[in-house]
Amino acid sequence: MTSELLGRDVLDVAPALIGWTLLVDGVGGTIVEVEAYREDDPASHSFDGSRGRNVVMFGPPGGVYVYRSYGIHWCLNLVCEAEGRGAAVLIRALEPTHGLDAIRERRGLLDERLLCSGPGRLTQALGVTGEHNGRHIDRPPFQLVAPAAQLEVVTDIRIGITKAAEQPWRFLAAGSRFVSKPANARRRF
DNA sequence: TATGAGATCAACT
DNA sequence: GTTGATCTCATAC
Numbered sequence: 013m014t015s016e017l018l019g020r021d022v023l024d025v026a027p028a029l030i031g032w033t034l035l036v037d038g039v040g041g042t043i044v045e046v047e048a049y050r051e052d053d054p055a056s057h058s059f060d061g062s063r064g065r066n067v068v069m070f071g072p073p074g075g076v077y078v079y080r081s082y083g084i085h086w087c088l089n090l091v092c093e094a095e096g097r098g099a100a101v102l103i104r105a106l107e108p109t110h111g112l113d114a115i116r117e118r119r120g121l122l123d124e125r126l127l128c129s130g131p132g133r134l135t136q137a138l139g140v141t142g143e144h145n146g147r148h149i150d151r152p153p154f155q156l157v158a159p160a161a162q163l164e165v166v167t168d169i170r171i172g173i174t175k176a177a178e179q180p181w182r183f184l185a186a187g188s189r190f191v192s193k194p195a196n197a198r199r200r201f
């Protein structure tokens with residue numbers, strides 16, 4: 013069960029998710045990068061309340077929120093805290109461990125570290141689409157498996173957003189080669 | 001190494 | 001009509 017994991021403050025849930033194994037139809041890997049979003053956050057889809065595509069974010073914890081990004085990609089989120097809160101964690105990168113053949117087939121022949129290193133790449137690798145929006149992480153085809161031991165986690169600012177861009181709400185597995193962008197990446201100037 | 005364009009959809013002005 | 005929680009490929013230093 014994941015209710016104990018997800019039913020807490022999203023800023024606690026996000027780092028706790030690092031190291032868990034996410035599977036879709038048995039294909040997936042270890043979560044190495046996530047970002048936290050919540051209703052009082054101008055960068056969040058749930059900012060200013062529930063309407064349109066974001067209704068799932070206001071559903072019960074464990075809900076799977078999938079939305080289309082830039083018209084091209086799908087992005088996968090897990091709803092946190094409690095129903096009506098509008099808090100969720102964006103899954104940004106996995107270290108692939110299960111179903112490598114299926115992943116390579118969906119992504120094409122690529123550098124191993126690029127298979128799931130980004131929210132759009134990850135959903136393509138796992139076959140996640142808008143059809144999965146509103147489903148639950150504890151029910152097929154999804155599985156979320158606890159790690160044997162908590163990995164070391166580092167934080168950084170979030171990526172690809174323009175509002176509240178300085179919030180240190182990106183969480184990564186320390187030293188992982190499978191993240192979309194290493195932590196402490198310094199901006200010039 | 002670093003910027004730039006194109007792809008293309010849903011929400012919002 | 002514009003913008004965005006992106007990715008890939010191309011071209012330029």
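End of the first sequence sits at 201 in my numbering; the numbers just go up one at a time, nothing left out. Even for Gly, the Cβ is constructed at its ideal location relative to N, Cα and C. Only a predicted model underlies this, so the values are computations on that prediction, with no experimental measurement involved.
**Request:** Report the partner residues of GLU47 according to the DSSP bridge assignment.
**Result:** DSSP lists LEU102, ARG182 as partners of GLU47.
Delimiting residues of the beta strand (DSSP E) encompassing LEU156
154-157 is the span of the beta strand (DSSP E), which, as asked, contains LEU156.
task: Count the C-beta pairs between the segment 34-50 and the segment 106-114 that are closer than 8 Å, then say yes if the count reaches three, no if not.
output: By the Cβ rule, the segment 34-50 counts as touching the segment 106-114, because three or more pairs are nearer than 8 Å.
Q. DSSP three-state call for ASP21: helix, strand or coil?
A. Here ASP21 sits in coil by DSSP.
Quiz item: For ASN145, which beta-bridge partners are listed by DSSP?
Solution: None, per the DSSP bridge assignment.
Exercise for the section: Could you name the residues that DSSP lists as bridge partners for SER129? Expected result: Under DSSP, the beta-bridge partners assigned to SER129 are ALA105.
Item to complete: Report the partner residues of ASP168 according to the DSSP bridge assignment.
Response: As computed with DSSP, ASP168 is found in a beta bridge with ARG182.
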